[in-house]
Each structure stands twice: as structure tokens, then as C-alpha cells.
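Number of protein chains: 2
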Amino acid sequence: MAVDDQPVPVFPKPVTLRDVAARAGVSVATASKALNNQGRMTAETRERIRETARSLGFRPNSLAQSLLRRRSFTVGLLTNDTYGRFSLPLMSGISDALVDNGVSVFLCNVEEDPRLGQLHVEAMLDKRVDGIIATGKRIDRHLPVDLANLRIPVIYAFTQPDPDAVAFVCDDAGGARLAVEHFCRLGRRRIAHVSGPASFAVVHARAQAYRDVLAENGLPVTEPLLGPWSEAWGHEAVARLFDGPKLNNGRERPDAVFCGNDQIARGVIDALRERGLGVPGDVGVIGFDNWEIVAEATRPPLTSVDMNLVALGREAGLTLLSLVGGQPAAPGIRKLPCRLVVRHSCGHPLDG
Amino acid sequence: MAVDDQPVPVFPKPVTLRDVAARAGVSVATASKALNNQGRMTAETRERIRETARSLGFRPNSLAQSLLRRRSFTVGLLTNDTYGRFSLPLMSGISDALVDNGVSVFLCNVEEDPRLGQLHVEAMLDKRVDGIIATGKRIDRHLPVDLANLRIPVIYAFTQPDPDAVAFVCDDAGGARLAVEHFCRLGRRRIAHVSGPASFAVVHARAQAYRDVLAENGLPVTEPLLGPWSEAWGHEAVARLFDGPKLNNGRERPDAVFCGNDQIARGVIDALRERGLGVPGDVGVIGFDNWEIVAEATRPPLTSVDMNLVALGREAGLTLLSLVGGQPAAPGIRKLPCRLVVRHSCGHPLDG
DNA sequence: CTGAGTTGGGAAAAGGTTTTCTCTTACAGG
DNA sequence: CCTGTAAGAGAAAACCTTTTCCCAACTCAG
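Protein chains in written order, with my numbering: chain B, 1 to 352; chain H, 353 to 704.
Have a look at this one:
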């Protein structure tokens, strides 16, 4: 048995253009041209080469192509979003936009670790990615890496480290308007706002839009309640709004609550139910993020502002592609509109 | 100004080994050897070349290396898990295990679309990934692509399309044992099981373990209640268990519920509270998946079975690596142990 | 001074593809 | 019959790195 005892290669060698050319009886140059619809040759030659390639299962080696073209048809997506609530829809949109152009996406979760971030960025640079999309959790929450001066195009989604960068974010103020105006249209008059920590820029943007809409509609403005992005905070906020002495100079309890995210909204809805207050009967509730897995599980299902992350990802992907292609892109923030997904937590228009 | 009006290249050309060699006054061969600690040369020469490389910011072109070494240091992760509940922790583990070896991961979400799956697989094959990890949502939920006969190594995580494949899954039966035995240890006697649809293999594996543990402990077995993987089903299951005429030949209501996932558990906890039943006082609850965002938001926080997905991902990544390196791997399923994460939904041991 | 052995470093091929340039052959027009 | 042109196809360079093989120069013993 010693004679054929050499280790058998488990996986066969891939077929190269050379193999195709040899089999078809032409040079590699001709074979290449035949397959790429370039150069001049008889239709029969072209077709014969193509048929040979097909029958051999030839697939061009993308590494060799990339080396020559100085483009790898590869981009990197950098994120620190552990649960993927933001990054996955984004990824989906990016991938959508790119896969048809033959571009694949490296996903790198760098957590909050600068060393890990550095490691991933260097790995991507070495692999000659054509560009990088960096996404944070919120616009003012940055990744623990410096992507300036990277000699490849970088696009930011959901974050913007400096004004010269190209960034895509959703229109938080617009989204908040959507929600509050929806309440107004339904005849709600005493609209509260329970949101996230003051350290987030989006919290202020949304709060301002909330105040603006109320003012435009001649409704009383109560100061937004700020706290953590959690269900528990939703509970506590309801306690503050509904249990204490009447707020706001003796005015009535709220008949609507606009929440900073769906988890807070969930807490609010649960807390209201526990107090015997009906949603949407007594109080309407709107969330933010439209995280389906939460929004559809609340009772009743939650009306929520959707940030259109898939579309945002698609835009970011396409823009990166044009940047890679040499098209210039104006630096700055591009705000994409949000969308209100109406479920059952707001009810129908109230009577005058 | 017309004289320098030519379009300025936005991004400078990367520095190559050639540049380094020229700058250091040696041949590319010598430069390569200097940087890779190969060949023979004076220590000064080596150090001079290295210093030159450093100062020029040289990074070897991974494409060229890959072409030569016939390895791209790249793997693909194929998934159809839209929310990333399973795929992201897995990804995290895989990435962890691979990034230190300079391997990057292409993430491809193929949804349930065979065309998309095909597209992504071909893109990855063209890019010469060294291997593929395929992950489904559950062991008997397969991806809409055929990865057999792919001429590169494939590893499955959380799914196993055929017995010849190498697959990593978590030990569902073991996880269920962990939960039910925990209840037993705490003195719970009437333990119910509310799980997912009968069409999932894991549902049966866990149910059988549930029955086994009860039998071993001489406790009454009630047939598991099967339904969708949703909070709403948790509510309904509680209605069936606690509202109707007493089940099981007049035996008492359950004092513990082992749930098939955390969402069901959340529904169960909420439904119990609405009936005035205390958790963990009157009824203990354990979930499955340990999806922190759910498990930590229930009141009280949910004790849950963790599938150790990060570790599973790490194992899968390392195994793929060794497969790529030519080491053989025995086909079949490798079951990795689960782990019980104790929070507050089970309480302390009951007396007698 | 000669021959063997060692040392430092370079030339060249390989990896797979694309592209430019060149070469041969055939054919039409004069 | 001769020249010019176009068609069809191949040779070779380029992309960048690694690795094998080879060469020149030097050291040292005899």
C-alpha cells in the first residue's frame, strides 16, 4: 500500500482559465476575451470557449482579478451593536444594494474595544476592501477606531465623527414630528414624552420636535422625562406621570405618551394596564425604532416610528459604491425620512 | 490653472514591497525575506529594510499573498436569521476565534430565498473563501442552499442537512435537564412544560428530557403544551394551565413552568401576574435561549437556559480552520453543553 | 596559492487573470 | 500580381508577493 500512500488532496484543484484554454485549443488570452466579450474572434470560437468553460465549471479567480483591477469587490461593515438591532437591518440593506454588483461584505463587530477595532480595520485594509461603512448605535456614539486618513472611502451610518465625513442618519426630528402629529390628528391633547438619556443627541432632537409640534398645535408642553433606554424606565415614568400629584399646574393626566424607543413604550403600556388605564382607550402610546419583535408583542401592538434602516443601508451601500468608482460625494449628513407604522396603540380619532 | 487641472487621485496608491525594496536599496526578494524573517542576511540589512517598511507604512497586499498561498484567509457565514438572535452571538464567537489568525468573515443573510442563497454562495466561491459556516435557526431548519460538493470545507452550526456533514449544535436535551433538575432541586413538584411547535426537532428533544427528569424524580408528567414561539402563546398556555378545570385527574395547578424560549416565558410571567400569582413565590419560571434583552426585562428577571452560542461559534470557527489546514474532522453532530443562568424567576429552595 | 565551504543577496518563477501589442493569414482593390 | 487592410489569435507584461535556486565574494585550511 505504500505506493499510493501519499495524502490524497481532499478538495480538487479549481479549474483555471489555463485549463479552459488548453481544452478549447486556444491561448489564455483568447479564452479571457471570449468569456469577457472582448476582442475579436469568430462567433464559433467564442461560443466553443464558453461552452468549454461551462462544461468545466470554470469560475474566474476573483483574487487574481482583484489584484489586477486594484479593486477587491469587497467592503467592510464595522459595528459595535451587539444585539444587531440596528446593524442587521442596515447590513441587510447594504448587502441588498451590493450583492448584485458582486460585492461582498465583511462584518466586524468591534464591541467597545479599541484594540479589536484596530485589529479588524487592519485586517480589512490588508484584504484591500474597496471601502468601509462604519455604524454606531446613535449619531453621537462613535466607534472606538479612527477611520480618518484611511486611503479608502469611508461612509458612516448612524454616526458622524466629524463634519467632513459622509454620513447617513435618519431624520429623528422628522420621526418625532410624525408621531406627535399623529397624536394631534387623533385628538389627543395632553401628550407626554418619555425618552432616553440626555447624553444622546437624538434625545434632544426628538424632544425639540415634540415641543415644536405641540406649540404649533397650541397644546401644552410638558418637559420630556429622560431616563435609560429600558422597560423599567417606562414603568417608572408612568408612575411619575400618573401617580403623583397632578403635574403641570394641576392640569389633567396625559392622554398620550410618545416614547423614545419601543422598550420604554412597552414598559409604559404594561404600567398603564396595571393601573387600569386602557391603551388606546385612555392613553395612546407611540414608540420609536419599530423593533418588530417588541412592537408586535405589546398588548395592544405598538404603533412606532420606523427608521427605515434597510433603505438607509441601501443608500449607504450605493453611495459607497459610487465613491469607490471615483465619483465625488459631498461631505456632510444626509437625513433619511422615518415612517410611522400604525398598529393598535393609538386608537381611532377621538370625537372633538 | 489648466496646467495642473488633471483629476487628482483622491486616494494615493498603496505602497508595495517594490517601493520598500527600492527605498532600502535591495531586491524585492531580499525585502520579502527580511520582513518575513526568512533567508540569510546581516542583522543590519534586515533591520534597515524593516525600518524602511515601517516608515513607508507598508502593508503586504493580502490579495497577492492569497493568490500565491491558495488561501484567502477569509470565510463565509451564511444565515437566514433576520433578527440576529442566534447568528450574531455565533458570529461574535467565530470572529473571535478567527481574527487572531488574520481571517475575516463575510456575512451573508440569505433570508429564505434560494436565488439569494445561490448568489451569495457563488460570490463567496469566486472570492475564494477558505470555508463556509452555515447556520440555520434550528437544527431541522435548513438554509435554502445546497452546500454539498462545494470543493471547500463546510461546517454547520445549529443545523444539519445530512449526517455526513460536520455540525455543531447545542445539547438541547441537556439544557432541558438543567432547567427541570433545577426546579426539582428547589422543591417544585408540579412542573409544566410550554414549548414551541411540534414541527421543530428541538421541541421533542427537550420534551423528552423533561419527561425523563420528572420520571427520575418520581414526579408527575403532564404532556407538554406546544404552540408558536411567541409571547401570546405563553399567555394562552397559562390560561389553559390555570384557568380551566383542574388538569391531570384533579391534581393541583403547576408550581413551575419550563418554557421553550424566553418570549414564551415572558408571556407566561405576565399572564401569571395578571392572575395574581406570584413569580417565583407561587410559580417558578425558566426560559430558554437566555436572550438577555428579554430575560432581563421580565419581572422578575428570568432564569434561562443559555445555549453558549459564542462558545459554539468559537468551536465552529476553530474546527473550520483546522479543516482548512488539512486536518480531517469526523463527520457528525457535536453537541455543546448549555448553561443555566439563574436570575430571580425560580426563587430559593422551598421548605420540605 | 588552491580548493572547499560559508555567507549575503539577487534572479526568476509561480499564482490566475486582463490587456495591449504584435503577428500571421486572407481577402479586396487596383 | 502587388499592396493595403482587416480579422483572428497569440505573446507578453502587469498586478504583488513568496520561494527556490543560483551566484559572487569571502574565509580558512592545507
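Don't be surprised by glycine CBs; every beta carbon is placed ideally from N, CA and C.
Any Cβ of chain H within less than 8 Å of the Cβ of residue i?
i	result
A2(B)	Because the pLDDT of A2(B) is 40, which lies under 50, any placement of that residue in the model is unreliable, and the question is left without a value.
D113(B)	no
K137(B)	no
P306(B)	Residue 306(B) is actually Asp in this sequence, not Pro. Not one chain H Cβ lies under 8 Å of D306(B).
I152(B)	yes
P14(B)	yes
F106(B)	yes
I155(B)	no
S27(B)	no
I293(B)	yes
A297(B)	yes
I333(B)	no
E231(B)	yes
L90(B)	no
R18(B)	no
S55(B)	no
Is residue j closer than 8 Å to residue i when the C-beta atoms are compared?
i	j	result
M393(H)	T382(H)	yes
V620(H)	T655(H)	no
G699(H)	L538(H)	yes
G630(H)	D607(H)	no
I543(H)	L571(H)	yes
L143(B)	V110(B)	yes
R370(H)	P12(B)	no
L225(B)	R240(B)	yes
Select from the options the residue whose C-alpha is nearest the C-alpha of residue i.
i	options	result
L68(B)	C690(H), A416(H) and T434(H)	A416(H)
C170(B)	V310(B), L119(B) and R343(B)	V310(B)
A265(B)	L323(B), N308(B) and G196(B)	G196(B)
R398(H)	L387(H), S407(H), R406(H) and L408(H)	L387(H)
R493(H)	F520(H), G454(H) and S551(H)	S551(H)
L358(B)	Y210(B), V110(B), A157(B) and A176(B)	Coverage of chain B is limited to positions 1 through 352, which leaves residue 358(B) absent and any answer about it impossible.
E181(B)	A239(B), F258(B), P228(B) and G136(B)	F258(B)
N318(B)	I94(B), G287(B), L77(B) and L147(B)	First, the residue type needs correcting, since residue 318(B) is Leu and not Asn in the sequence shown. The residue with the shortest Cα to Cα distance from L318(B) is I94(B).
A517(H)	C690(H), A668(H), S697(H) and P364(H)	A668(H)
V676(H)	P505(H), K385(H), D595(H) and V378(H)	P505(H)
S92(B)	L688(H), T431(H) and V455(H)	T431(H)
R375(H)	N389(H), G409(H), G391(H) and Q390(H)	G409(H)
L336(B)	G117(B), L312(B), C108(B) and E122(B)	L312(B)
N290(B)	D306(B), A167(B) and V99(B)	D306(B)
So, does the CB of residue i fall closer than 8 Å to a CB anywhere in chain B?
i	result
V694(H)	no
Y435(H)	yes
D357(H)	Low confidence applies here, because D357(H) scores a pLDDT of 39, under 50, leaving its location unreliable; read the following figure in that light. Closer than 8 Å: no.
N613(H)	no
A475(H)	yes
A416(H)	yes
A623(H)	no
K385(H)	no
H472(H)	yes
L672(H)	no
D523(H)	no
T655(H)	no
State the DSSP-derived secondary structure class of residue i, mapped to helix, strand or coil.
i	result
I645(H)	helix
D371(H)	helix
Y562(H)	helix
G454(H)	coil
K385(H)	helix
H556(H)	helix
V693(H)	strand
C536(H)	helix
S195(B)	strand
R402(H)	helix
V657(H)	strand
G699(H)	coil
A608(H)	strand
F363(H)	coil
G586(H)	helix
M353(H)	Note that M353(H) scores a pLDDT of 41, beneath 50, so its modelled location is shaky and nothing firm can be said.
Confirm the yes/no value for this check: CB of residue i, any heavy atom of the ligand FMN, distance under 7 Å.
i	result
D270(B)	Looking for the ligand FMN in the displayed structure turns up nothing, as the structure carries no ligands at all.
*Assess, as a yes-or-no matter, whether the segment 420–429 of chain H is touched by the segment 473–486 of chain H under the definition of 3 or more beta carbon pairs within less than 8 Å.*
yes
*With contact counted as at least three CB pairs below 8 Å, one residue from each stretch, are the segment 80–93 of chain B and the segment 143–162 of chain B in contact?*
Three or more Cβ pairs closer than 8 Å define a contact, and the segment 80–93 of chain B meets that threshold against the segment 143–162 of chain B.
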